[in-house]
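Residue numbering for the sequence shown is 0 to 327, as defined by numbering that gives the first Met the number 0. Here a beta-carbon is modelled for each residue, glycine too, at the ideal position from N, C-alpha and C.
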Amino acid sequence: MDDKIKEVVEQYELNIKNVYRVRGAYILDTGEGLRILREFRSTPQKAEFAQLVKESLREQGYIYTDLYLRNREGDLITENVMGNQYVLKHWFMGEECDLKSKEQVAGAAENLAKLHNMMRGVTTEPLTFQADTFGETLIKHNRELRRVRSYIREKKQRNEFELLFLSIFSEFYQEAEDAESMLSDIEGEGLYQELNEQQTLCHGSYNYHNVLFTSSGIATTSFERTHLQLQVMDLYDFVRKLMEKNNWNLYLLQTVLEHYQKVRPLSKEEKKLLYIWMIYPEKFWKITNFYYNSKKTWMSEKNIEKLQGLQQQKKQRMNLLEKVPEIL
Numbered sequence: 000m001d002d003k004i005k006e007v008v009e010q011y012e013l014n015i016k017n018v019y020r021v022r023g024a025y026i027l028d029t030g031e032g033l034r035i036l037r038e039f040r041s042t043p044q045k046a047e048f049a050q051l052v053k054e055s056l057r058e059q060g061y062i063y064t065d066l067y068l069r070n071r072e073g074d075l076i077t078e079n080v081m082g083n084q085y086v087l088k089h090w091f092m093g094e095e096c097d098l099k100s101k102e103q104v105a106g107a108a109e110n111l112a113k114l115h116n117m118m119r120g121v122t123t124e125p126l127t128f129q130a131d132t133f134g135e136t137l138i139k140h141n142r143e144l145r146r147v148r149s150y151i152r153e154k155k156q157r158n159e160f161e162l163l164f165l166s167i168f169s170e171f172y173q174e175a176e177d178a179e180s181m182l183s184d185i186e187g188e189g190l191y192q193e194l195n196e197q198q199t200l201c202h203g204s205y206n207y208h209n210v211l212f213t214s215s216g217i218a219t220t221s222f223e224r225t226h227l228q229l230q231v232m233d234l235y236d237f238v239r240k241l242m243e244k245n246n247w248n249l250y251l252l253q254t255v256l257e258h259y260q261k262v263r264p265l266s267k268e269e270k271k272l273l274y275i276w277m278i279y280p281e282k283f284w285k286i287t288n289f290y291y292n293s294k295k296t297w298m299s300e301k302n303i304e305k306l307q308g309l310q311q312q313k314k315q316r317m318n319l320l321e322k323v324p325e326i327l
């Protein structure tokens, strides 16, 4: 065990049998089960809130979360002499959700709906919704897309990424405008009134990495981004990544929607919002945003391939989007 890790681990009451190095963390095999030690790059307040959410889930019978352990001082975050912060969490022997498996995708969808039903009114002190509304977010994204196009157009010399971006901009920006124009059909005020009244929380990072299939059931990890938000946004994030990795497969989308709604039916307005976000070319915006906020004189081959991949998947994506209203 590295000295810098040993120094941190010694601040906990642990009986360690083995230590295993994994991607970005250490798994500790203890007499009380598996634990995972990770570097923590957020605030104590965020850690305490995530812990509060996980404790609330446990009280409601959902026991498979990566609950934090407190150190000898009673703190969730432990520092080493270099000032690096770490957290120690419960961990599980299991496999990440396989997005190619219908059974696991169905299980992950039901698991998310179950979490959403429990992640309401977690605190006695009301949370205030401070993030952008979905409308403001789309409008802001579209403004950023136009700004990047203007920036590239004004350049005298353009690299391969910039030339490709300009050649496909119009078709993707049209989708972005279509999504923005549909916002008027959403009764956003009612949605956000319900959000604030029920204090609904999103996991914030519900992806296949954070859904583990164990011999005892499904475990959900990484609640550090949990926040007050319309819960359909968690579902959208999961669906978008699932579709991108499965060539916009209608059958898998139907599986997710069916199994999620078995546990938590979506309202009419939530379905509209889900559809609008599915229309929005978010991956195109993300690639664009990464370009604009990085060194623009050179873009890696990987980012060029990402743009090409979007173009190649466009037909399958549009075919699926035409059928989405029928299955929502």
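Residue span of the beta strand (DSSP E) that contains residue i, given as start and end
i: E94; result: 93-95
Opposing strand residues paired with residue i [DSSP bridges]
i: R37; result: A24, V86
i: F212; result: E94, I217
i: H226; result: C201
i: Y11; result: Paired residues: none, contrary to the question.
i: G30; result: DSSP output for G30 lists no bridge partner at all.
i: V330; result: No answer is possible for residue 330: the residues shown for the chain start at 0 and end at 327.
Member of the options whose CA lies at the smallest distance from the CA of residue i
i: K267; options: I326, K282, D65, K301; result: I326
i: L234; options: Y63, K270, K99; result: K270
i: N116; options: K261, N209, L98, K244; result: K261
i: V7; options: L75, H140, L251; result: L75
i: L27; options: N83, L227, Y11, Q197; result: Y11
i: T199; options: A112, P43, T29, D236; result: A112
i: G106; options: K16, R142, L251; result: L251
i: N245; options: S100, E179, L182; result: S100
i: H258; options: W247, G203, I275, Q103; result: Q103
i: L165; options: R148, R37, V121, E193; result: R148
i: M181; options: V255, R224, I275, F168; result: I275
i: F291; options: Q311, L137, R146, I62; result: Correcting the residue type first, residue 291 is Tyr in the shown sequence and not Phe. Closest option to Y291, Cα to Cα, is R146.
i: E94; options: N288, L190, N209; result: N209
Residue environment, residue i, which counts as buried when at least 16 other CB atoms sit within 10 Å
i: E109; result: buried
i: V238; result: buried
i: E197; result: Note that residue 197 is Gln in the sequence shown, not Glu. It is exposed - the Cβ of Q197 has fewer than 16 other Cβ atoms within 10 Å.
i: K88; result: buried
i: R34; result: buried
i: R316; result: buried
i: N17; result: exposed
Element boundaries [alpha helix (DSSP H), containing residue i]
i: M277; result: 267-278
i: Y291; result: 281-291
i: D236; result: 231-244
i: I303; result: 300-326
i: Q59; result: Segment: none, Q59 is in no alpha helix (DSSP H) and carries neither H nor E.
i: Y259; result: 249-262
>> Quick check for students: name the residue ranges of the alpha helix (DSSP H) that lie wholly in the stretch 61-128, counting only runs of 4 or more.
In response: As far as the stretch 61-128 is concerned, its whole alpha helix (DSSP H) runs of at least 4 residues are 101-117.
> Can you list the alpha helix (DSSP H) stretches of 4 or more residues lying completely in the stretch 122-181, in chain order?
Replying inline: 133-152, 159-180
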